[in-house]
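Asker: The opening position of the sequence shown corresponds to residue 72 in the working numbering, with each subsequent residue numbered one higher. No residue lacks a Cβ here, since even glycine has one placed at the ideal position from N, Cα and C. Sharing a structure below in structure tokens format, with a few things to ask.
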Amino acid sequence: MSSLNLLAVFNSANYWRTGCINIPWQAVVQQWQIPPEELVISDLRDLAHTPINQQIDRIDPEDPTRDTLVLELSNPIPPGSPEEILVSTFLRVDRGKPQQMSVGEPNIEVVYGSDGRERGVRLVNNRLIVWFNLIPAPEDNGRNWFSGSATSVQLDHQEILDPFLAAKGEWLGQDPEKRCMQVSELQLPGSSHPKSPYYQVSLFNHAYRLVSQSQGPVRASITIASEPFDYMGADPVTGKNRHLICELYRVISLYAGADYLMEELFVKGKPKAEEDRIGNTPEIVNIPFGLHYFAHMNMGQTQDIEQVFPVPDWFAVGSTTPPYAAYGLATNLHIEAIAHPYEDNPSCFSWQLLPGQSAKCLHMFMRGQPEGFDAKVGHTWYELIYGPLKAEIYQDAAMKSPVRKSVRV
């Protein structure tokens with residue numbers, strides 16, 4: 072075993088399961104010096120060495136440390152231990168010829184305007200078709216409050232944001248305000264002197280730019296960045312006030328066969344001028360932030376929003392009438408507040424996440440489940456956010472327990 076290139080996989084659940092794994096690519100390529108176009112990974116239990124689905128996504132071209140190797144384990148692996156001490160299985164890393172992509176895998180379509188700028192992105196798998204809008208006024212009119220939102224989500228070819236008309240097969244007349252996943256505001260730490268509680272930034276009417284895109288057998292993924300905004304506040308390292316130019320980055324991924332979108336968010340700041348640099352501190356800093364999401368979904372009469380305490384990291388809301396549309400949010404940050412109806416509109420929802428250095432969110436869409444939709448969201452939160460499958464480079468230590476190397480996210 073010691074002569075093989077191996078990844079150790081950990082399953083912290085007490086049951087067998089499959090799933091996807093994200094691993095920082097930089098650590099893998101430094102360890103084995105295998106170029107992406109020659110990377111082949113297989114399950115060590117598979118004597119035929121059948122390649123498993125994998126791809127390498129460039130999240131931010133300015134930051135190679137965020138390049139990510141994404142793997143899909145289709146064969147269930149046994150449980151390990153909650154402390155991730157016991158290895159559940161091993162993956163073999165070889166140099167060879169990867170499998171070719173086939174038709175029907177997750178894909179991306181970018182739509183450009185006459186000015187050459189990106190207007191929006193369509194993400195597609197065999198369950199979802201999501202139109203994600205990048206500009207404030209997609210209809211080129213005065214209604215300029217749609218930036219950074221999914222303005223159409225089709226689940227099994229029926230619109231889920233206005234499900235009653237969609238169930239009748241009608242497209243005309245659907246609610247023109249429908250949207251979800253919109254980050255309407257950010258809250259950043261206030262200045263140190265004078266002391267202020269927070270710095271608020273509105274984003275709903277400012278365009279995003281497409282930073283990168285990836286697609287492969289495991290997922291289709293985009294990275295978008297908000298328009299730059301000025302920030303005068305406390306540096307997260309030194310605590311001193313700095314004048315920074317910041318952007319909110321959002322990495323939105325649609326996995327093969329999924330009825331949900333995964334989203335990772337972080338705020339990246341750079342000094343505005345030379346005098347804003349402080350000693351040997353990094354030029355690029357990640358600012359902690361709080362998130363305010365907004366959604367407009369015509370779900371009619373809804374059940375009470377289900378949220379579990381004392382770990383308020385997910386909620387679900389569902390319609391009480393056919394076709395029983397439902398939506399769920401799960402996150403690695405605590406949900407501070409949920410407002411529904413928002414501003415007395417039963418189609419409007421908002422929720423605030425407590426501040427963090429980065430955020431990981433899951434947006435799930437469901438139909439035809441009058442009961443149990445909340446349990447589905449909670450289970451998915453556990454599997455994908457709280458206790459995801461993890462992998463690390465395995466190093467043989469005289470056949471003792473694997474030495475852990477911090478190469479996972």
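1. Residues in the same chain with beta-carbon distance under 7 Å from Glu256, minus the five sequence neighbours each way, listed in chain order, please.
2. Could you compute how far the alpha carbon of Leu460 sits from the alpha carbon of Asn82?
3. Using C-beta distances below 8 Å, list every residue in its chain close to Lys476, excluding the 5 sequence neighbours before and after it, in chain order.
4. Short of 8 Å in beta carbon distance, which residues of its chain neighbour Ser262, apart from the five on each side in sequence? Order them along the chain.
5. Going by beta-carbon coordinates alone, are Arg290 and Ala327 separated by less than 8 Å?
6. Less than 8 Å between the beta carbons of Asp131 and Ser283, yes or no?
7. In the DSSP assignment, find the unbroken beta strand (DSSP E) run with Asp301 in it and report its ends.
8. What is the DSSP secondary structure of Lys239, reduced to helix, strand or coil?
9. For Glu335, which option in Ser292, Leu78, Pro209 and Lys343 has the closest C-alpha, if you only look at C-alpha atoms?
10. Buried or exposed, going by whether 16 or more other CB atoms sit within 10 Å of the CB of Trp181?
11. Could you tell me if Gly151 is buried or exposed, where buried requires 16 or more neighbouring beta carbons within 10 angstroms of its beta carbon?
12. Taking all protein chains shown into account, do 16 or more other C-beta atoms lie within 10 angstroms of the C-beta of Gln101, making it buried, or fewer, making it exposed?
13. Rounding to the nearest angstrom, what Cα-Cα distance links Val224 and Met252 in this structure?
14. Do you know whose CA, among Val141, Trp87 and Tyr86, lies nearest Val111's CA?
15. Given a threshold of 16 other Cβ atoms within 10 Å of its Cβ, counted over all protein chains shown, does Pro393 qualify as buried or as exposed?
16. Return the chain-ordered ranges of every alpha helix (DSSP H) run that is complete within the region 423-473 and spans a minimum of 4 residues.
17. Who are the Cβ neighbours of Ser73 in its own chain at under 7 Å, not counting the five residues just before and after it?
18. Taking C-alpha atoms, which residue in Arg163, Pro149 and Glu133 lies nearest to Asn124?
19. Per DSSP, which one or two residues make a beta bridge with Lys339?
20. In three-state terms, what does DSSP make of Arg129?
21. Measuring only the C-alpha atoms, how far is Ser145 from His450?
22. Assuming Leu103 is part of the beta strand (DSSP E), what are its boundary residues?
23. Enumerate in chain order the residues of its own chain whose CB-to-CB distance from Pro260 is below 6 Å, with the five nearest sequence positions on each side excluded.
24. Looking only at C-alpha atoms, which of Tyr453, Tyr183 and Asn197 sits nearest to Gly191?
25. In terms of alpha-carbon separation, which member of Phe386, Ile206 and Pro107 lies closest to Ala397?
26. Within 10 Å of its beta-carbon, does Tyr279 have 16 or more other beta-carbons around it, so buried, or fewer, so exposed?
27. For the 8 Å Cβ check, are there 3 or more pairs between the region 210-221 and the region 419-430?
28. Identify, in the order they occur along the chain, each residue of the same chain with its Cβ nearer than 7 Å to the Cβ of Gly427, setting aside the five sequence neighbours on each side.
29. Quick one: grab the DSSP three-state call for Thr136.
30. Comparing C-alpha positions only, which one of Pro417, Thr222 and Gln286 sits nearest to Asn178?
31. Kindly identify the DSSP beta-bridge partner or partners of Met46.
32. Which residues in the same chain as Asp114 place their Cβ atom closer than 7 Å to its Cβ, once the five residues preceding and following it in sequence are excluded?
33. On the three-state DSSP scale, how would you describe Arg479?
34. Return yes when the Cβ of Asn369 is within less than 8 Å of the Cβ of Asp445, no when it is not.
35. For Ser429, I'd like the list of residues in its chain whose CB is within less than 6 Å of its CB, leaving aside the five on either flank, ordered along the chain.
36. Can you tell me whether Glu318 is buried or exposed, with buried defined as 16 or more other CB within 10 angstroms of its CB?
Answerer: Checking against the coordinates, here is how it stands:
1. Locating residue 256 in the sequence shown gives position 185, counting from the first residue. The residues are Gln271, Val272, Ser273, Leu274 and His363.
2. For the purposes of this step, residue 460 is identified with residue 389 of the sequence shown, where counting begins at 1. For the purposes of this step, residue 82 is identified with residue 11 of the sequence shown, where counting begins at 1. Spanning the two alpha carbons is a distance of roughly 5 Å.
3. As a position in the sequence shown, residue 476 is number 405, starting the count at 1. Note that Lys476 scores 40 on pLDDT, short of 50, meaning its location in the model is unreliable; the coordinates nonetheless yield the value given after this. Result list for Lys476: Ala98, Glu463, Ile464 and Gln466, in chain order.
4. Position 191 of the sequence shown, counted from the start, is the residue given in the question as residue 262. Contacts found: Tyr270, Met303, Gly304, Ala305 and Asn312.
5. Here residue 290 refers to the residue found at position 219 of the sequence shown. Here residue 327 refers to the residue found at position 256 of the sequence shown. Result yes, Cβ atoms of Arg290 and Ala327 sit closer than 8 Å.
6. Numbered from 1 along the sequence shown, position 60 holds the residue referred to as residue 131. Numbered from 1 along the sequence shown, position 212 holds the residue referred to as residue 283. Yes, the Cβ-Cβ distance between Asp131 and Ser283 is below 8 Å.
7. Here the question's residue 301 lines up with position 230 in the sequence shown. Looking at the DSSP string, the run of the beta strand (DSSP E) that includes Asp301 is Phe300 to Ala305.
8. In the sequence shown, residue 239 corresponds to position 168, counting from 1. The answer is coil: DSSP assigns Lys239 none of H, G, I, E or B.
9. The residue labelled residue 335 in the question sits at position 264 within the sequence shown. Out of Ser292, Leu78, Pro209 and Lys343, Ser292 has the C-alpha closest to the C-alpha of Glu335.
10. Position 110 of the sequence shown holds residue 181. In the sequence as presented, Trp is not what sits at residue 181; that position holds Val. With fewer than 16 Cβ atoms within 10 Å of its Cβ, Val181 is classed as exposed.
11. Here residue 151 corresponds to residue number 80 of the sequence shown, with the count starting at 1. Buried: at least 16 other Cβ atoms inside 10 Å.
12. Within the sequence shown, numbered from 1, the residue matching residue 101 stands at position 30. When all chains shown are included, Gln101 counts as exposed.
13. Start at 1 with the first residue of the sequence shown, and residue 224 comes out as number 153. Start at 1 with the first residue of the sequence shown, and residue 252 comes out as number 181. About 11 Å.
14. Residue mapping note: residue 111 aligns to position 40 of the sequence shown, counting from 1. The residue with the shortest Cα to Cα distance from Val111 is Val141.
15. In the sequence shown, the residue the question calls residue 393 occupies position 322. With fewer than 16 other Cβ atoms within 10 Å, it is exposed.
16. 444-452
17. For this step, residue 73 is matched to residue 2 along the sequence shown. Residue confidence is low: Ser73 scores 48 on pLDDT, short of 50, so the model does not pin down where it sits. Its coordinate-derived value is still stated next. Cβ neighbours of Ser73 beyond the five flanking positions: Asp467.
18. As a working mapping, residue 124 is identified with position 53 in the sequence shown. Closest by alpha carbon: Arg163.
19. Mapped onto the sequence shown, residue 339 falls at position 268. BP columns for Lys339 point to Glu318 and Asn357.
20. Mapped onto the sequence shown, residue 129 falls at position 58. Arg129 falls in the coil class under three-state DSSP.
21. To locate residue 145, count along the sequence shown from 1; it is residue 74. To locate residue 450, count along the sequence shown from 1; it is residue 379. Distance between the alpha carbons of Ser145 and His450 is about 19 Å.
22. Along the sequence shown, one-based indexing puts residue 103 at 32. The amino acid at residue 103 is misidentified as Leu; the sequence shows Trp. No beta strand (DSSP E) holds Trp103; the alpha helix (DSSP H) holding it covers Trp96 to Trp103.
23. Your numbering for residue 260 matches position 189 in the sequence shown. The answer, listed in chain order, is Gly304 and Ala305.
24. Indexing the sequence shown from 1 puts residue 191 at position 120. Among Tyr453, Tyr183 and Asn197, the Cα nearest to that of Gly191 belongs to Tyr183.
25. Mapped onto the sequence shown, residue 397 falls at position 326. Out of Phe386, Ile206 and Pro107, Phe386 has the C-alpha closest to the C-alpha of Ala397.
26. Locating residue 279 in the sequence shown gives position 208, counting from the first residue. It counts as buried.
27. no
28. In the sequence shown, counting from the first residue as 1, residue 427 sits at position 356. Cβ within range, chain order: Pro359 and Leu404.
29. Here residue 136 refers to the residue found at position 65 when the sequence shown is read from its first residue. Correct three-state label for Thr136: helix.
30. The count along the sequence shown starts at 1 and reaches residue 178 at position 107. Ranking Pro417, Thr222 and Gln286 by Cα distance to Asn178 puts Gln286 first.
31. One cannot answer for residue 46 here, as it falls past the ends of the chain, which runs 72 to 480.
32. Within the sequence shown, residue 114 is the residue found at index 43, counting from 1. Cβ within range, chain order: Ile123, Asn146, Thr160 and Leu162.
33. The residue you call residue 479 lines up with position 408 of the sequence shown. Interpretation of Arg479 is limited by its pLDDT of 41, a score under 50 that renders its predicted location unreliable; no figure is taken from the coordinates.
34. To locate residue 445, count along the sequence shown from 1; it is residue 374. To locate residue 369, count along the sequence shown from 1; it is residue 298. Result no, Cβ atoms of Asp445 and Asn369 do not sit closer than 8 Å.
35. To locate residue 429, count along the sequence shown from 1; it is residue 358. Around Ser429: Phe337.
36. Against the sequence shown, residue 318 aligns to sequence position 247. With 16 or more other Cβ atoms from the protein chains shown falling within 10 Å of its own Cβ, Glu318 counts as buried.
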